[in-house]
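Below: the structure, in structure tokens.
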Amino acid sequence: MRKQEYKEQEQPRHYYFFDYLFWLGEMAQQHYKGEPNRPDGDSMLMLCIMVVVLGPMLTIVFCFDPPVRDFLTIAMIVCSAVIVYLPGRIYPSSRRKAVMQHYAGRKFSPARCYFFLFSLAFLLIANIPLWGTVLKWINKTVE
0 MRKQEYKEQE QPRHYYFFDY LFWLGEMAQQ HYKGEPNRPD GDSMLMLCIM VVVLGPMLTI
60 VFCFDPPVRD FLTIAMIVCS AVIVYLPGRI YPSSRRKAVM QHYAGRKFSP ARCYFFLFSL
120 AFLLIANIPL WGTVLKWINK TVE
């Protein structure tokens with residue numbers, strides 16, 4: 000009896016931009032039927048995480064002296080390993096199924112998929128001069 004009451008009280012799932020990126024990647028994989036070099040859900044998530052985490056970190060690494068740079072390089076390697084491991088933990092099979100069911104009625108557009116894919120790649124590249132400029136500005140204001 001209590002299990003039924005608990006199931007009735009479950010809160011509805013919330014869907015975020017990461018879920019949409021995952022769905023776009025999975026639909027691209029289905030659309031191209033597993034052709035090589037096509038994004039899947041995990042690769043779209045990894046690219047997004049790289050833009051948010053590794054882009055700024057990569058830029059910061061180059062602005063420090065060698066001892067600090069070595070430590071940050073090791074930290075970046077660890078972060079890269081965690082990023083490869085994260086999509087499986089963030090999106091367990093139940094979450095994957097729920098996301099795919101939520102977006103089941105939507106029409107897949109390859110143009111939209113590649114728009115997001117190339118936008119994320121561009122943001123990763125654009126982070127480098129942006130963070131370098133920000134760090135130089137911070138150093139000038141601190142001195």
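Going by the working numbering, the sequence shown opens with residue 0, and the numbers climb by one from there.
Using N, Cα and C, we set each Cβ at its ideal position, and we do this for glycine too.
query                                                                                                                                  : result
Span separating the alpha-carbon of alanine 97 from that of alanine 74                                                                 : 34 Å
Anticipated Cβ contact below 8 Å, methionine 26 with phenylalanine 107, distance rounded                                               : 4 Å
Exposed unless 16 or more other CB atoms sit within 10 angstroms - verdict on phenylalanine 61                                         : exposed
Residue from Asn126, Arg95, Tyr102 whose Cα sits closest to the Cα of glycine 40                                                       : Arg95
8 Å contact criterion, which phenylalanine 21 and methionine 43 should meet: CB distance rounded                                       : 6 Å
Beta-carbon contacts of phenylalanine 63 that lie in its chain and below 8 Å, excluding the five residues immediately before and after : Leu71
Simplified DSSP state of aspartate 39, which is helix, strand or coil                                                                  : coil
Simplified DSSP state of alanine 103, which is helix, strand or coil                                                                   : coil
Limits of the unbroken alpha helix (DSSP H) element including methionine 56                                                            : 54-60
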